[in-house]
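In the numbering used here, the protein residues as written are 2 to 523.
Here is the structure we will look at, set down as structure tokens.
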Amino acid sequence: MSDAFTAPAAGAAALATASPLLRLHADDNVLIARQALALGQVLPEFGLRLKAQVPAGHKIAARRIAAGEPIRKYNAVIGVAARDIEAGDYVHAHNIALVEFHRDPAFGADVKPVDYLPEAERATFLGIVRADGRVATRNFIGILASVNCSSTAINRIAEHFTPERLKDYPNVDGVVAFAQTTGCGMSSPSPHFDLLRRTIAGYVRHPNLGGALIVGLGCERNQVAGLMESQHLVAGETLRTLVMQETGGTRATIEAGIRAVEAMLPIANRVERQPVSAAHLKIGLECGGSDGFSGIGANPALGAAMDLLVRHGGTAILSETPEIHGVEYMLTRRAVSPEVGQKLLDRLAWWEDYTRGHNGQFNGVVGPGNQAGGLANIFEKSLGSAMKGGTTPLRQVYDYAEPIDEHGFVFMDSPGYDPVAVTGQIASGANLICFTTGRGSMFGSKPAPTIKLASNTPMFTRLEEDMDINCGQVIDGTLSIEEMGRQIFEHILRAASGEPTKSELLGLGDHEFVPWHLGIVS
């Protein structure tokens, strides 16, 4: 079997509000229920009588689908019929079989030139310009543990700096501890060891940190001195280190850490926001708790916003490699060179080997929340996930937490697990995260804040305290994808300028530093 794909137009008109069903592409053989539908309900405009109850966001057969026939959504194959499916039948995991098939990578076939805006016409936001020219969206002091054994100490140091103790430093957003659960009991040298050090160094160097303190135990494999040397980090007035076994133990380390942060606070406070180009924005793209509406409204609308960002010179970072499985050709067709496209395929081949024999998402099965929301398998989930990246050329593919030095649309290899993926994106340089969700993920991140985009209005209304943007307006038919994308882009500029996100108002982000555990624990 082979497949063809026609991308949905980012500027598509608002969906008709009267119809209870959505037809996403003329060649699709499934329709999407805009709202919960009843057994026996007649839908005369589609010539259908429903043969089952169908929840909102789930699929209905638009016509008879023979066993073994490809099932198409957005004109992309998401599986084959496991048995004969009659018109009006409910179509989901119980009657869709996941079958691998040939997908022509067609490197570069869909590359289109970007209509970049002249610098004078680019959008701006109020950013914090560091001495070396990097631009921040927030201004934290970060405390990092080289090993799990120093995690309690760094948390205690950060807990000391209450809002009352920080009141004299109004330009500092907070003191945050990035505790972790590894750093020893791991093979070294190894890819896992290198990845951990690269991730820690990415946070230390992040423009959103006005100062950093690294705390180690002393006998761990990830020695502080070795970390500093291998990552070319140099101690100074805004980067300090402590080793507990040399400092005098837990209490002495906490006291020394407090003094070290107190010395950095006046320096970190000497900043002010100023207008800077949107070209300095690096946006990590994430989705979690996806549903059947995510790939219809929220994800393509975020993709439309990223197309705008790229036109303004900024960078969009798509990740979660298992969640492009099955639709990777959507990206390889946009690769600027065969080498970039092949690099993405090489990462997918690595994942296929890495997950072989395990019941991981890469092998087909999505989470219970995804299934309840209408997604039958990983191909269907991937179809929506990839849309976050918009339509501009894929300029480069990066390893996890590798510094991103390209502007435009890029890909960073990562698991699909949200905290791990976002940790890698921030370590790579993302200074803001956009997170789409259909079921309602409760997530926040530091030092780069997270904007959460709801895929449907009922969930947004129910969880409005956690959700920043209601992309359900696309499903409701009140905004087009292009109009929603413009609203997202404008919200990004406000958040980058310092407007608190919902997750920041709730105080989230202190426990979402989760480097990828790639290797064995021994």
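Heads up, the beta-carbon is just placed ideally off N, CA and C, and yes, glycines get one too.
Query, Result
"How would you call G289, buried or exposed, if buried means at least 16 neighbouring beta carbons within 10 angstroms?", "buried"
"State buried or exposed for Q275, treating a residue as buried only when at least 16 other CB atoms are found within 10 Å of its CB.", "exposed"
"Under 8 Å between the Cβ atoms of V262 and I142?", "yes"
"Take S345 as the anchor and find which of D28, F108, E87 and E491 has the nearest alpha-carbon.", "Looking at the sequence itself, residue 345 is Leu, so the reference to Ser does not match. The option with the nearest alpha carbon to L345 is F108."
"Excluding the 5 residues preceding and the 5 following G365 in the sequence, name in chain order all residues of the same chain whose CB lies nearer than 6 Å to its CB.", "L99, N378 and I379"
"Using the C-alpha atoms, what's the distance from V176 back to A13?", "Any reading at A13 is ruled out, since the residue's pLDDT is 42, under 50, leaving its predicted position unreliable."
"Terminal residues of the continuous alpha helix (DSSP H) containing R64?", "First-last for R64: undefined, no H or E at that position."
"Since V148 and E221 are thought to touch, with beta carbons under 8 Å apart, how far apart are those beta carbons, to the nearest angstrom?", "4 Å"
"Might you give, ordered along the chain, the residues of its own chain that have their beta carbon closer than 6 Å to the beta carbon of F461, omitting 5 neighbours on each side?", "A455, M468, N471 and G473"
"For L210 and A88, I'd like the C-alpha separation in whole angstroms.", "57 Å"
"Anyone know if the C-beta pair for A202 and Q232 falls short of 8 Å?", "yes"
"Go through its chain and collect everything with a Cβ distance to A94's Cβ below 8 Å, but skip five positions before and after it.", "Q372, A377 and N378"
"Helix or strand or just coil, what does DSSP make of I97?", "strand"
"Tell me which residues share the same chain as A10 and place their Cβ nearer than 7 Å to its Cβ, disregarding the 5 neighbours each side in the sequence.", "Low confidence applies to A10: its pLDDT is 40, below 50, so where it sits in the model is not reliable enough to give any reading."
"DSSP three-state call for S278: helix, strand or coil?", "strand"
"In the DSSP assignment, what residue or residues form a beta bridge with F126?", "V277"
"Quick one: measure Cβ to Cβ for L23 and L40, integer angstroms, because I've assumed they're closer than 8 Å.", "With a Cβ gap of about 20 Å, L23 and L40 do not count as contacting."
"Here's a check: name, in chain order, each residue in its chain whose Cβ is nearer than 6 Å to the Cβ of V421, leaving out the five neighbours to either side.", "V515 and W517"
"Going by other Cβ atoms of all chains shown within 10 Å of its Cβ, with 16 needed for buried, is L506 buried or exposed?", "exposed"
"How is L303 classed by DSSP in three states: helix, strand or coil?", "helix"
"Quick check on the burial criterion: 16 or more other C-beta atoms within 10 angstroms. Buried or exposed for F294?", "buried"
"Where DSSP assigns a beta bridge to C185, which residues make up the other side?", "Its beta-bridge partners do not exist; DSSP assigns none."
"Provide the residue span of the beta strand (DSSP E) that contains Y399, from first to last.", "L395 to Y399"
"In whole angstroms, give me the CA-to-CA distance for E165 and S383.", "46 Å"
"Does N223 come out as helix, strand or coil in the three-state DSSP assignment?", "coil"
"Touching or not, the region 389 to 399 and the region 299 to 309, by the rule of three or more beta carbon pairs under 8 Å?", "yes"
"Take T254 as the anchor and find which of I155, G296 and Q343 has the nearest alpha-carbon.", "I155"
"Around the C-beta of F436, are 16 or more other C-beta atoms found within 10 angstroms, so that it is buried, or is it exposed?", "buried"
"Among the residues of its own chain, which have a CB less than 8 Å from the CB of S338, if the five just before and after it don't count?", "F108 and G109"
"To which residues does DSSP link K283 through a beta bridge?", "T316"
"Please report the Cβ distance between R334 and D111, rounded to the nearest whole angstrom; I am assuming they are in contact, meaning their Cβ atoms lie under 8 Å.", "4 Å"
"Between the C-alpha atoms of G387 and I129, what's the straight-line distance to the nearest angstrom?", "Before going further, note that residue 387 is Ala rather than Gly in the sequence given. Their Cα atoms are separated by approximately 31 Å."
"According to DSSP, simplified to helix, strand and coil, what is G41?", "coil"
"Sorted by chain position, which residues of the same chain lie with C-beta nearer than 6 Å to P106's C-beta, five sequence neighbours on each side aside?", "Y330, T333 and G342"
"Starting from the Cα of A496, find the closest Cα among P21, I268 and L433 and give me that residue.", "L433"
"Which residue marks the beginning of the alpha helix (DSSP H) containing I459, and which one marks its end?", "According to the sequence provided, residue 459 is Pro. The question's Ile does not apply to it. Where P459 is concerned, the enclosing alpha helix (DSSP H) stretches over T458 to R463."
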